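Residue numbers (my numbering), protein chains in the order written: chain A, 47 to 359; chain B, 47 to 359.
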């Protein structure tokens, strides 16, 4: 039913804000024709400013051979915007009534084999597509700010979304140079924002208690966990740091510390099932590589990150 | 009373594990004479393996002009190890009775003007130095793993520690190429580990609830918040992302979301005082720079991080 994702040449990006503009810049940089929809002609300047800002970074990272800003069309006519588009990325304001009305309209004017991805960070597709005549092709494709730079796209459908549409979106985003993460459930905050929010709430507690200033928080992150986390997620960081024993050793040794008041966040019960999921997940990611090999790769990458950051003013 | 930190030429690193060895490698790379103390001669091989691993990365980052592995001495005689050292970094096993006995001995054999820093992650200096005759010069100097690569050192004294010793340690670590963070209070987990632990506990909740796999967690971090956090801490990330309004806009707009069940971590009450601390802290870090300038710098650095990581196998 859905077209071959690699056959898509035109994308519509709906929205003139930092997210809509960021998506437009990203798809242009990857060599797509892009039609950007703005709600009002007066938003043209703001949209172009976002795209031009993104274009600088995207150029530095390397453009697709056929990428060009000349392949951008801007319109405030929604029908014109979606015409001929093989994929639609919607980044309208985060208000349910606006999104719901938009999807009702999109349901009428966009052919049903065209997948529509929403950048929403706080709404579910079940809510957004409630009045859409064709909700089965509507998915959430949530980027991370700034969307022209950070590769993550979290993908999840609503109750009426086809699994095929979710899979299609994952395949398309990957072809379009993103790092798709398909979620099993509609969870508020998805994965990345939940993790970031946990850290953020603890930071607020520390500032509220006079234990740290905002500057202390940032110094600690930039010089501590973040450069490592940029090259090795927290699961694999612990897995590799524990040597031969890996995640099993981490959980067996530090499991009791989950009860300690390090952070105000209550940890889950470390059941055998949770332990097994963590250990098996890390072993799968390691895919047979020895921890020393992975630690070596981690170190080379951290060196590159530290040098990269140091050499830029 | 304490010597000029810039006059220190010899450091003693106590401990043969990844932390003690990592510290020895770091100080060697920064051009110090280093005496490494190992509890037993049989630990010599393990210590050297850690130092040699660290040396590769430190060489890639750039060694001090007079740095040399030849300036390392290894001994299992504690008196010999500390002799002539202008600073002592202690990374003994994390057991209170071991550390306490060690500090009792160090209190007898190390001149009282020599500051002693402990790598402990879970004990307080108040506990460790309980039986030390000279606790006033004993501080915690907690590194982040891997200690030869990540710059952070969290510094805090115990109840009997002189403020002058804490200040001296901060000055010395900075001269020695580290990023010191002086804490106002003895807080379990210091700053960085508390933040990381909040994120980690939420990750465990997500895995326990079947909302994400360990791989999902790592994909989300590596492709989402981490590359940004490596160049801009979470406070300044929000401050800059909110444009002209900065942190004040962030808190006023998203404050209510602190009540939402994004993460299982309960957020603190967003009092006027907390709001002011956050806003004033971010304004101080911005130091008058316009958000567009800071966003531009953020983007150039993220580009460099992404390229650096991509180009390394």
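The beta carbon of each residue, even a glycine, is placed where N, CA and C say it ideally should be. None of the values given here were measured: they were computed from a predicted structure.
Spatial neighbours of residue i within its chain, please: CB distance less than 6 Å, with the 5 preceding and 5 following residues excluded, ordered by chain position.
{"i": "residue 286 (chain A)", "result": "337, 340 and 341"}
{"i": "residue 202 (chain B)", "result": "186, 229 and 232"}
{"i": "residue 298 (chain A)", "result": "none"}
{"i": "residue 301 (chain A)", "result": "316"}
{"i": "residue 197 (chain A)", "result": "224 and 225"}
{"i": "residue 61 (chain A)", "result": "137 and 138"}
{"i": "residue 58 (chain A)", "result": "81, 127, 128, 131 and 134"}
Would you say residue i reaches chain A, if we count a Cβ-Cβ gap shorter than 7 Å as a contact?
{"i": "residue 243 (chain B)", "result": "yes"}
{"i": "residue 305 (chain B)", "result": "no"}
{"i": "residue 188 (chain B)", "result": "no"}
{"i": "residue 259 (chain B)", "result": "yes"}
{"i": "residue 96 (chain B)", "result": "no"}
{"i": "residue 262 (chain B)", "result": "yes"}
{"i": "residue 251 (chain B)", "result": "yes"}
{"i": "residue 234 (chain B)", "result": "yes"}
{"i": "residue 237 (chain B)", "result": "yes"}
{"i": "residue 195 (chain B)", "result": "yes"}
{"i": "residue 103 (chain B)", "result": "yes"}
{"i": "residue 322 (chain B)", "result": "no"}
{"i": "residue 93 (chain B)", "result": "no"}
{"i": "residue 299 (chain B)", "result": "no"}
Buried or exposed, going by whether 16 or more other CB atoms sit within 10 Å of the CB of residue i?
{"i": "residue 162 (chain A)", "result": "buried"}
{"i": "residue 145 (chain B)", "result": "buried"}
{"i": "residue 271 (chain A)", "result": "buried"}
{"i": "residue 112 (chain A)", "result": "exposed"}
{"i": "residue 306 (chain A)", "result": "exposed"}
{"i": "residue 97 (chain B)", "result": "buried"}
{"i": "residue 318 (chain B)", "result": "exposed"}
{"i": "residue 354 (chain A)", "result": "buried"}
{"i": "residue 189 (chain B)", "result": "buried"}
{"i": "residue 240 (chain A)", "result": "buried"}
{"i": "residue 108 (chain A)", "result": "exposed"}
{"i": "residue 200 (chain B)", "result": "buried"}
{"i": "residue 143 (chain A)", "result": "exposed"}
I want to see whether chain B comes within less than 7 Å of residue i, judged by CB atoms only; does it?
{"i": "residue 206 (chain A)", "result": "no"}
{"i": "residue 296 (chain A)", "result": "no"}
{"i": "residue 318 (chain A)", "result": "no"}
{"i": "residue 171 (chain A)", "result": "no"}
{"i": "residue 89 (chain A)", "result": "no"}
{"i": "residue 248 (chain A)", "result": "yes"}
{"i": "residue 130 (chain A)", "result": "no"}
{"i": "residue 331 (chain A)", "result": "yes"}
{"i": "residue 212 (chain A)", "result": "no"}
{"i": "residue 176 (chain A)", "result": "no"}
{"i": "residue 308 (chain A)", "result": "yes"}
{"i": "residue 270 (chain A)", "result": "yes"}
{"i": "residue 145 (chain A)", "result": "no"}
Keeping to the same chain, check which residues put their C-beta closer than 7 Å to that of residue i; ignore five residues upstream and five downstream.
{"i": "residue 168 (chain B)", "result": "140"}
{"i": "residue 193 (chain A)", "result": "65, 68, 69 and 72"}
{"i": "residue 181 (chain A)", "result": "175, 204, 206 and 207"}
{"i": "residue 223 (chain A)", "result": "76"}
{"i": "residue 115 (chain B)", "result": "74 and 101"}
{"i": "residue 244 (chain A)", "result": "311"}
{"i": "residue 63 (chain A)", "result": "137"}
{"i": "residue 87 (chain B)", "result": "122"}
{"i": "residue 273 (chain A)", "result": "348, 351 and 352"}
{"i": "residue 84 (chain B)", "result": "62, 90, 93, 120 and 122"}
Once the 5 residues before and after residue i are set aside, which same chain residues still bring their CB inside 8 Å of it?
{"i": "residue 95 (chain A)", "result": "67"}
{"i": "residue 53 (chain A)", "result": "132"}
{"i": "residue 281 (chain A)", "result": "293, 324, 327, 328 and 331"}
{"i": "residue 211 (chain B)", "result": "48, 161, 182, 183, 184, 185 and 203"}
{"i": "residue 259 (chain B)", "result": "253"}
{"i": "residue 234 (chain B)", "result": "168 and 240"}
Could you name the residues that DSSP lists as bridge partners for residue i?
{"i": "residue 350 (chain A)", "result": "Answer is none; residue 350 (chain A) lacks a bridge partner."}
{"i": "residue 57 (chain B)", "result": "B:80 and B:133"}
{"i": "residue 270 (chain A)", "result": "Partner(s): none; residue 270 (chain A) has no beta bridge."}
{"i": "residue 120 (chain A)", "result": "A:82"}
{"i": "residue 187 (chain A)", "result": "A:201"}
**Message:** Could you tell me which whole beta strand (DSSP E) segments of length 3 or greater appear in the stretch 126 to 185 of chain A?
**Reply:** Correct list: 133 to 136 and 161 to 164.
**Request:** Pick out the complete alpha helix (DSSP H) segments inside the stretch 190 to 267 of chain A, 4 residues or longer, and give them in chain order.
**Result:** Counting only runs of 4 or more, we get 209 to 221 and 238 to 254.
**Item:** Length-filtered (3 minimum) beta strand (DSSP E) runs lying within the stretch 60 to 98 of chain B
**Value:** Taking only runs of at least 3 residues, the beta strand (DSSP E) segments lying wholly in the stretch 60 to 98 of chain B are 79 to 83.
**Item:** Unbroken stretches of the beta strand (DSSP E), 3 residues or longer, contained in the stretch 274 to 346 of chain B
**Value:** Along the stretch 274 to 346 of chain B, the beta strand (DSSP E) does not occur as any fully enclosed run of 3 or more residues.
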